[in-house]
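Position in the sequence shown counted from 1, then plus 991, gives you the working numbering.
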Amino acid sequence: LHPSQMTRSKTSTPLPLVNVAPYFFSQMVTEPNLEIVWPEDGAIVSPIFMLAKMNKPYVKDVADAICSTKIADIFNVGGKFPATAPGTQNFLKADQRLMFAGWDYLNSHDIEAELAQAEELFHQTSVV
């Protein structure tokens, strides 16, 4: 299910027992039978990627603005999207840590191959 479907109090389909949802959607939960659990080892951070045509003169200014601390703060505070941008203050509780592999790891590994391997392991161990 999409995270927005998990937060609804009335659904026509049975809900899964466990769902991984972005922090933003977890803050919309009003259903008393749903419990939001923050993983002890940290919530997974999924970076948002931006593709741009580098030969366009205006792209650098737009990209710099989108990647700025100011924009990160807007998404973080108002949108509840914790940011990994340097200098950004995430307004999370002390026990709400984030789990992020880091840009060095992401840039030096074949992430597509690692995801395929993880998916294969998941399917091998899943009980249907």
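In this text, a Cβ means the ideal position worked out from N, Cα and C, and glycines have one as well.
Asked: N- and C-terminal bounds of the alpha helix (DSSP H) containing E1105; Found: I1102 to T1116
Asked: Alpha-carbon spacing of Y1049 relative to L1106, whole angstroms; Found: 34 Å
Asked: P1030 classed as buried or exposed, judged by whether at least 16 other C-beta atoms fall within 10 angstroms; Found: exposed
Asked: Cβ pair A1054, A1043 closer than 7 Å; Found: yes
Asked: Environment of Y1014 [buried if 16+ CB atoms lie within 10 Å]; Found: buried
Asked: Close Cβ partners of V1068 (< 7 Å) along its chain, the five nearest in sequence each way excluded; Found: F1082
Asked: Where the alpha helix (DSSP H) through K1051 begins and ends; Found: V1050 to I1057
Asked: Residue of G1078, I1062 and D1032 minimising C-alpha distance to F1091; Found: D1032
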